[in-house]
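Chains A and B are the protein sequences, given in the same order. Under our numbering, the first sequence is numbered contiguously, ending at residue 243. Under our numbering, the second sequence is numbered contiguously, ending at residue 243. For every residue, glycine included, the Cβ atom is placed at its ideal position computed from N, Cα and C. Here the structure is laid out as structure tokens; the discussion comes afterwards.
2 protein chains.
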Amino acid sequence: MLKPALYLIPVGLGGGNPGEILPGHNSKIIQEIDEFIVENARSARRFLKSIGYSKNFDDVTFHILDKHTPEGSIPEFISSIKLGKPVGLLSEAGVPCVADPGNIPVILCQEKGFKVVPLVGPSSIILALMASGFNGQNFSFHGYLPVEKGDLKRKIKEIESLAYKQNQTQIFIETPFRNNKMLSALISTCSAQTKLCIATNLTLNDESILTKSIHEWKTVKVDLNKKPSVFLIYKN
Amino acid sequence: MLKPALYLIPVGLGGGNPGEILPGHNSKIIQEIDEFIVENARSARRFLKSIGYSKNFDDVTFHILDKHTPEGSIPEFISSIKLGKPVGLLSEAGVPCVADPGNIPVILCQEKGFKVVPLVGPSSIILALMASGFNGQNFSFHGYLPVEKGDLKRKIKEIESLAYKQNQTQIFIETPFRNNKMLSALISTCSAQTKLCIATNLTLNDESILTKSIHEWKTVKVDLNKKPSVFLIYKN
């Protein structure tokens, strides 16, 4: 029997077969859970089917946690743990609660003394960092940078200077349809010798992870439009 | 046939059966590799056996990459990729190149235009962050903090202030035999309301991930001695 706890369940990064990049151990655990906190019930069911989940969905509870969920209703989502039942928190992509705002159920569990069990899965941030060649002993993840042009330039300058002063890899993401704009902004803002790694379509068949100086990126033709990407900056 | 590339291969975090927490996909890839860059050939062989690797070790090359390896010999380790062969870079614990200095082969591959393929595996930093309840949209990993008492206190104050000013989760590690000292230093240095998460023995049977205020930690008896732990600080 599975211990009562909140299980944090990673999913794939958008490929056809998430089971391929998830440990078999995860499927065994998920199989024993029939109550899930999810952002979208449809994609949650699709994921569960893809890893061979065999319970009848009529007997499964999906609590929807998205930006419309009133905060006051979230304690109810984890109340079964007190009764000795496991509850799963499913991410929409990658690992839950990283580059993702869905951490309120985790906060509540920690406050109430309920066990929280994170399962291993793909984090685009860590995969990108591993393959960048950049400093993995000191790094910062900033989420999304500002959209407004002036603010964006200021923020890029600020984190570029952290890369040099703190010897720290700087990691951030962008809404995929704005990726090309982000690349232009980086090229026009950073020093020519600063290193930029762009990690695109991680774990998919056309995965690409390239590290080049800003000077070199100026001469490369890439189209990042609508392709999920992680950007990393490091000093020369 | 596996594409010529440097494959970054995660291992377990110290448990008996790393295969449990690694994707089946990884084993399939590793099975096709017969040249590995490793820190320690003995533990590499032990890992490979544990996931069912079936090649004869007499036919397998292990390049040793540790602090005694002359930097000039590292290009040789990846030269087979140019000849169309895959090479694996094995970590000693968790994922390669994160909280780990072994990234020189990756830098060389990126410079030479060789493909680098990161495989999914357990990152203690990400697992701890997921289960802490802390901000996963903005976080910093600092590696090891200074050992000397005064320097350590100054560094703790500095990163605690980043947690508040930047709304950023602060993550760091300590040599396991100094963990209890680190906890004392945190308790005596941070504000009473600051939140501290300690994630210990991740993925093992006695995994423990607890988030409490510094005030609460003062009254809890824990022995972290020699237990691999990740420390996380966040504002109240």
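Asked	Found
Option nearest Ala138 (chain B) by Cα separation, candidates A:Ile81, A:Val123, A:Asp230, A:Phe141	A:Val123
Residue(s) in a DSSP beta bridge with Gln144 (chain A)	According to DSSP, which records beta bridges pairwise, Gln144 (chain A) is partnered with nothing at all.
Partners in chain B for Glu27 (chain A), counting only beta-carbon separations shorter than 8 angstroms	Pro30, Gly31, His32
Exposure of Glu167 (chain B), with buried meaning 16 or more beta-carbon neighbours within 10 Å	buried
Close-in-space but distant-in-sequence residues of the same chain around Ile28 (chain A) (CB under 8 angstroms, 5 per side omitted)	Gly19, Leu20, Gly22, Gly128, Pro129, Thr210
Contact residues within the stretch 185-200 of chain A, judged by C-beta distance below 7 angstroms to chain B	none
Residue-level contact to chain A via CB, Ile114 (chain B), 8 angstroms cutoff	yes
Simplified DSSP state of Gln38 (chain A), which is helix, strand or coil	helix
Given Lys164 (chain B) as reference, the closest of B:Thr68, B:Thr76, B:Tyr241 once Cα atoms are compared	B:Tyr241
Chain C within 8 angstroms of Thr218 (chain B), Cβ atoms only	Considering every chain present, this structure includes no chain C. Its protein chains are A and B.
Partner residues on chain A for Thr76 (chain B), Cβ-Cβ distance less than 9 angstroms	By Cβ distance, chain A contributes nothing, its closest Cβ being about 17 angstroms from Thr76 (chain B), past 9 angstroms.
Chain B contacts made by the stretch 138-155 of chain A, where a contact means CB separation under 7 angstroms	Ala138, Gly140, Gly143, Gln144, Asn145, Phe146, Ser147, Phe148, His149, Gly150
Cβ neighbour criterion (16 or more within 10 Å) applied to Val154 (chain B)	exposed
Below-8 angstroms beta-carbon distance, Gln117 (chain B) vs any chain A residue	yes
Where Gln173 (chain A) sits in the DSSP three-state scheme	helix
Ile133 (chain A) at chain B interface by Cβ criterion, 8 angstroms	yes
Segment contact flag, the stretch 63-78 of chain A with the stretch 106-125 of chain B, C-beta cutoff 8 angstroms, min 3 pairs	no
DSSP state of Cys116 (chain A) mapped onto helix, strand, coil	helix
His70 (chain A) in three-state terms, based on DSSP	strand
Lys202 (chain A) classed as buried or exposed, judged by whether at least 16 other C-beta atoms fall within 10 angstroms	buried
Distance cut-off 7 angstroms: Ala170 (chain A) Cβ against heavy atoms of the ligand FMN	Only the bare structure without any ligand can be found here, which leaves the ligand FMN out of the picture.
Interface partners of Gly128 (chain B) on chain A, CB under 7 angstroms	Val127
Bridge partner(s) assigned by DSSP for Val249 (chain B)	The shown model of chain B, from 8 to 243, leaves out residue 249 (chain B), and the question about it has no answer.
Below-8 angstroms beta-carbon distance, Val105 (chain A) vs any chain B residue	yes
Counted within 10 angstroms of its Cβ, other Cβ atoms place Met189 (chain B) as buried (16 or more) or exposed	buried
Proximal residues of chain A, C-beta to C-beta of Asn232 (chain B) below 8 angstroms	Ordered by position in chain A, no residue passes the 8 angstroms Cβ test against Asn232 (chain B), which lies about 23 angstroms from the chain.
Phe84 (chain A): first and last residue of the uninterrupted alpha helix (DSSP H) it sits in	81-84
Below-8 angstroms beta-carbon distance, Pro108 (chain B) vs any chain A residue	yes
When A:Leu231, A:Leu239, A:Ser86, A:Leu15 are compared against Ser220 (chain A), the one with the closest alpha-carbon	A:Leu239
Val94 (chain A) and Leu72 (chain A) closer than 8 angstroms at C-beta	no
Classification of Leu90 (chain B) by the beta-carbon crowding that lies within 10 angstroms, buried from 16 upward	exposed
Option in A:Pro108, A:Ser147, A:Phe64, A:Phe43 with minimal Cα separation from Ser87 (chain A)	A:Phe43
Contacts of Thr210 (chain A) in chain B (Cβ-Cβ under 8 angstroms)	Val127
Span separating the alpha-carbon of Pro11 (chain A) from that of Phe64 (chain A)	21 angstroms
Between the CA atoms of Asn142 (chain A) and Pro105 (chain B) - distance to the nearest angstrom	The amino acid at residue 105 (chain B) is misidentified as Pro; the sequence shows Val. Straight-line Cα distance between these residues: approximately 8 angstroms.
Residue range of the unbroken beta strand (DSSP E) whose run includes Lys234 (chain A)	Segment: none, Lys234 (chain A) is in no beta strand (DSSP E) and carries neither H nor E.
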